[in-house]
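First up is the structure itself, then whatever we jot down about it.
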Amino acid sequence: MNESYSIKDIISLMLSKLWLLILFLILGAAGAFAYSHFVMPVIYESYTSMYVRSSDKGSSSADINQGELTASRSLVSTYIVALKSNYVMEKAAENLEKEYPPEVLAEYFSMTDGKISLKSLRSKVSMSSVENTEILKITASTKNPEISAAVCNSIAEAAPACLIKIVGAGSVEIIDVADPVYIPVSPNKPKIALIGGMAGLCLAALLIFLIDFFDNSVRLSEALTDNYQKAVFGEIMHFGTDNNSKKSGNTDTHQTILDSKTDFNIIENYKSIRSNIMFALSTTDRKVLAISSANPSEGKSLTTANIALAFAQTENKILLIDADMRKPVQHKIFNLSNKKGLSTAIGHMNPLEESIHRNVYQHLDVMPSGPIPPNPSEMLASQQFADMLAELEPQYDYILIDTPPINVVSDTLAMGKAISGLLLVVRYAKTTFEELQDSISHANLSEINLLGFVLNDISRKGSGHYYSYKYKYRYKYKNYEYQYTSHSPEEKLETAPVLSLKQEKSAEQSEAVPAEEVTAEQLETVQAEKVTTEQPETAPAEEVTAESQEKPNSEENE
Numbered sequence: 041m042n043e044s045y046s047i048k049d050i051i052s053l054m055l056s057k058l059w060l061l062i063l064f065l066i067l068g069a070a071g072a073f074a075y076s077h078f079v080m081p082v083i084y085e086s087y088t089s090m091y092v093r094s095s096d097k098g099s100s101s102a103d104i105n106q107g108e109l110t111a112s113r114s115l116v117s118t119y120i121v122a123l124k125s126n127y128v129m130e131k132a133a134e135n136l137e138k139e140y141p142p143e144v145l146a147e148y149f150s151m152t153d154g155k156i157s158l159k160s161l162r163s164k165v166s167m168s169s170v171e172n173t174e175i176l177k178i179t180a181s182t183k184n185p186e187i188s189a190a191v192c193n194s195i196a197e198a199a200p201a202c203l204i205k206i207v208g209a210g211s212v213e214i215i216d217v218a219d220p221v222y223i224p225v226s227p228n229k230p231k232i233a234l235i236g237g238m239a240g241l242c243l244a245a246l247l248i249f250l251i252d253f254f255d256n257s258v259r260l261s262e263a264l265t266d267n268y269q270k271a272v273f274g275e276i277m278h279f280g281t282d283n284n285s286k287k288s289g290n291t292d293t294h295q296t297i298l299d300s301k302t303d304f305n306i307i308e309n310y311k312s313i314r315s316n317i318m319f320a321l322s323t324t325d326r327k328v329l330a331i332s333s334a335n336p337s338e339g340k341s342l343t344t345a346n347i348a349l350a351f352a353q354t355e356n357k358i359l360l361i362d363a364d365m366r367k368p369v370q371h372k373i374f375n376l377s378n379k380k381g382l383s384t385a386i387g388h389m390n391p392l393e394e395s396i397h398r399n400v401y402q403h404l405d406v407m408p409s410g411p412i413p414p415n416p417s418e419m420l421a422s423q424q425f426a427d428m429l430a431e432l433e434p435q436y437d438y439i440l441i442d443t444p445p446i447n448v449v450s451d452t453l454a455m456g457k458a459i460s461g462l463l464l465v466v467r468y469a470k471t472t473f474e475e476l477q478d479s480i481s482h483a484n485l486s487e488i489n490l491l492g493f494v495l496n497d498i499s500r501k502g503s504g505h506y507y508s509y510k511y512k513y514r515y516k517y518k519n520y521e522y523q524y525t526s527h528s529p530e531e532k533l534e535t536a537p538v539l540s541l542k543q544e545k546s547a548e549q550s551e552a553v554p555a556e557e558v559t560a561e562q563l564e565t566v567q568a569e570k571v572t573t574e575q576p577e578t579a580p581a582e583e584v585t586a587e588s589q590e591k592p593n594s595e596e597n598e
């Protein structure tokens, strides 16, 4: 839920739901047009006009002066009131009743005892002065063009005698007789359709705002930090072949950072997460990290696998354990056999060595879940599991454990004492703050060290004030192009992907940084690293200098 919106937020929010705006626009316009065409009555309009005189003198030009014209104009408003009186309406109704039978008039007017209701007749008539002149215009609107013309002519016919009797001043002269006009004046279908489309557009915008206002799902990393005082280790954009997998019926396709289709930005984001985890665990003696989520289908397993691969690329010895023994996924991601694994190791059905797949990727070992046991929570809370981790810790630099969702089962909470910390994967626009608060409360009750969060599956079409304009990890390279070389499946299991660097030479770069200065800086950096890392007795000072001179040259060749 967002409490304030900027102009940028509103534009972004509307663009993210553009399809909904277009849909409501079309539906509103189509609905209004259909209503005007099939429901609204067709109205025909006719009119007649009369000339108002302030006196009953002749019409010679010598008798007409400006004063009389002014008096005639002022008399028009008096005649309008008089012509709408019951006396005039009764005379006009009588004329209509003489011309049309009652059953015909009943279709267009309200009838009382076979007589036209004066109120109904008056509602069909309007009168006005033509452009503030002495011309009085009488307009009638009904569903029949002939009836409309008859109403105008009936009033015009009764007007002279009635006005003299009522007003007693001036006179009127009929200028033209009303004729039936067979072109309807209402409904104006294009105008009504436009109004309906605009109404649909406004309704869609209101609906979008309401949905966004009451949406309590996690969409901002800043909200996680502010609400829970925990760090966000990284943000991962949506990637993978989920849509294609669903269409093809294959739900076991998982795209990792080793895939050639994975964007460079995604790979760098996982490396950033890796660095943050290493920093967070640097103060602890144990390097056992559990990764979980509040609910299923939030991407924790694939996130864990990619973090493990990112760790392995630093040449740290990594063990990935699939502790989700209810719905294991890691063996599918790495295409491994799941006949032996964590469950068989804890139950001593197989030796620990046989339960681990070695060198699945360079520096990465994977222990799948093994056959699904009847009591996963008890196995993870057992002393055998703690002893197994104690035996494995000296063999690896980091151990990553893929655990079940916290809000669904208690498996993750059962291993609280055996892990160094917990990292929660939060799915963008799906995980709600209530669900996340429940998982954090469970972790706190079990005294688990919650390190922070990973905001996963951020949509590039992010809604509103979120990541459609705000995503932080977009890189543009003008001078360098990064790409990963493709490998066959066999090569991916044995060797790491090779990062090739293609440098575009430009005159500006060559002038900005001379090659000799860069070499000198590299030499000083390497010498400083040698002095601080190596023991004095391992190599004489001269050998250190020689090695430091060779290392920059090798880096430049690469």
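If you read the sequence shown in this note's numbering, its first letter stands for residue 41, the second for the next number, and so on. A virtual CB, placed ideally from N, CA and C, is assigned to each residue, including glycine. These figures come from a predicted structure and were not determined experimentally.
Best match in the options for proximity to residue i [C-alpha to C-alpha]
| i | options | result |
| --- | --- | --- |
| Ser-403 | Ser-86, Gln-353, Leu-376 and Pro-411 | The sequence given here has His at residue 403, not Ser. Closest by alpha carbon: Gln-353. |
| Ile-446 | Thr-88, Met-455, Leu-440 and Ile-439 | Met-455 |
| Phe-249 | Asp-303, Leu-61 and Tyr-87 | Leu-61 |
| Ser-226 | Lys-270, Leu-241, Ala-180 and Ala-218 | Ala-180 |
| Val-82 | Ala-72, Lys-183 and Ile-187 | Lys-183 |
| Tyr-119 | Glu-487, Tyr-401, Phe-374 and Val-212 | Val-212 |
| Gly-280 | Lys-379, Asn-346 and Glu-197 | Asn-346 |
| Pro-336 | Gly-381, Ile-361 and Pro-368 | Pro-368 |
| His-294 | His-371, Tyr-401, Glu-418 and Pro-413 | His-371 |
| Ala-132 | Phe-78, Ala-189, Leu-53 and Ser-169 | Ala-189 |
| Val-400 | Ile-386, Lys-270, Ser-377 and Gly-387 | Ser-377 |
| Ile-195 | Ser-166, Pro-408 and Ala-320 | Ser-166 |
| Lys-340 | Ser-76, Ile-47 and Thr-443 | Thr-443 |
| Phe-319 | His-278, Ala-271 and Ile-276 | Ala-271 |
| Thr-88 | Glu-487, Gly-492, Ile-439 and Pro-220 | Pro-220 |
| Asn-415 | Gly-387, Glu-433 and Ile-439 | Gly-387 |
| Phe-149 | Glu-143, Ser-160 and Tyr-140 | Ser-160 |
| Ala-483 | Leu-63, Phe-493, Thr-452 and Val-494 | Thr-452 |
| Thr-384 | Met-419, Phe-351 and Met-151 | Met-419 |
| Leu-247 | Lys-57, Ile-51 and Asp-49 | Lys-57 |
| Pro-185 | Leu-429, Ala-233 and Lys-164 | Lys-164 |
| Leu-238 | Asp-478, Ser-479, Tyr-127 and Phe-64 | This sequence places Met at residue 238; Leu is not what is there. Minimum Cα distance to Met-238 is reached at Phe-64. |
| Ile-235 | Leu-476, Tyr-75 and Glu-137 | Tyr-75 |
| Ser-125 | Pro-141, Phe-73, Glu-85 and Ala-198 | Ala-198 |
| Asn-172 | Met-428, Asp-405, Val-121 and Leu-115 | Leu-115 |
| Pro-413 | Arg-366, Tyr-91, Glu-143 and Glu-308 | Arg-366 |
Presumed contact (8 Å Cβ cut-off) between residue i and residue j, rounded CB distance
| i | j | result |
| --- | --- | --- |
| Arg-93 | Gly-210 | 6 Å |
| Lys-357 | Asp-437 | 5 Å |
| Ile-215 | Cys-192 | At roughly 12 Å, the Cβ-Cβ gap does not stay under 8 Å, so Ile-215 and Cys-192 are not in contact. |
| Val-465 | Ser-333 | 4 Å |
| Leu-241 | Gly-71 | Not a contact, Cβ separation roughly 13 Å. |
| Ile-373 | Ile-441 | Not a contact, Cβ separation roughly 15 Å. |
| Asn-496 | Thr-343 | 6 Å |
| Ile-396 | Met-407 | 5 Å |
| Phe-351 | Asn-316 | Phe-351 to Asn-316, Cβ: 12 Å. No contact. |
| Ile-439 | Leu-349 | Not confirmed; about 15 Å, so no contact. |
| Met-151 | Leu-158 | At roughly 11 Å, the Cβ-Cβ gap does not stay under 8 Å, so Met-151 and Leu-158 are not in contact. |
| Ala-111 | Leu-203 | Ala-111 to Leu-203, Cβ: 15 Å. No contact. |
| Ile-276 | Val-79 | Actually they are not in contact, since the Cβ atoms of Ile-276 and Val-79 sit about 52 Å apart, beyond 8 Å. |
Start-to-end residues for the beta strand (DSSP E) that takes in residue i
| i | result |
| --- | --- |
| Ile-358 | 358-362 |
| Tyr-438 | 438-442 |
| Met-129 | Here Met-129 belongs to no beta strand (DSSP E); instead the alpha helix (DSSP H) covers 126-139. |
| Leu-404 | 404-407 |
For residue i, the first and last residue of its enclosing alpha helix (DSSP H)
| i | result |
| --- | --- |
| His-388 | Careful: His-388 lies outside any alpha helix (DSSP H) and carries neither H nor E. |
| Ile-498 | That residue, Ile-498, is in no alpha helix (DSSP H); its beta strand (DSSP E) goes 490-498. |
| Ile-396 | Neither: Ile-396 is in no alpha helix (DSSP H) and is coded neither H nor E. |
| Arg-467 | Careful: Arg-467 lies outside any alpha helix (DSSP H), inside the beta strand (DSSP E) at 461-467. |
| Met-419 | 416-420 |
| Val-449 | Counting along the chain, Val-449 falls outside any alpha helix (DSSP H), and DSSP gives it neither H nor E. |
| Met-365 | Met-365 -> no alpha helix (DSSP H), and no H or E assigned at all. |
| Asp-427 | 423-432 |
| Ala-334 | Where Ala-334 is concerned, there is no enclosing alpha helix (DSSP H), given that its DSSP letter is neither H nor E. |
| Arg-314 | 304-320 |
| Gln-477 | 473-485 |
| Phe-351 | 340-352 |
| Lys-372 | 370-373 |
*For the stretch 210-274, which segments carrying the beta strand (DSSP E) assignment without a break, of at least 3 residues, lie completely within its bounds, in sequence order?*
211-216
*asked:* Any contact between the stretch 452-472 and the stretch 258-265? By contact I mean 3 or more CB pairs, one from each, below 8 Å.
replied: yes
_My parser needs the alpha helix (DSSP H) runs of 4 or more residues fully inside the stretch 145-200; what are they?_
158-163
*Is there contact between the stretch 324-337 and the stretch 456-465, where contact requires at least three CB pairs shorter than 8 Å?*
yes
*For the stretch 52-94, list the beta strand (DSSP E) runs that are entirely contained and at least 3 residues long, ordered along the chain.*
84-93
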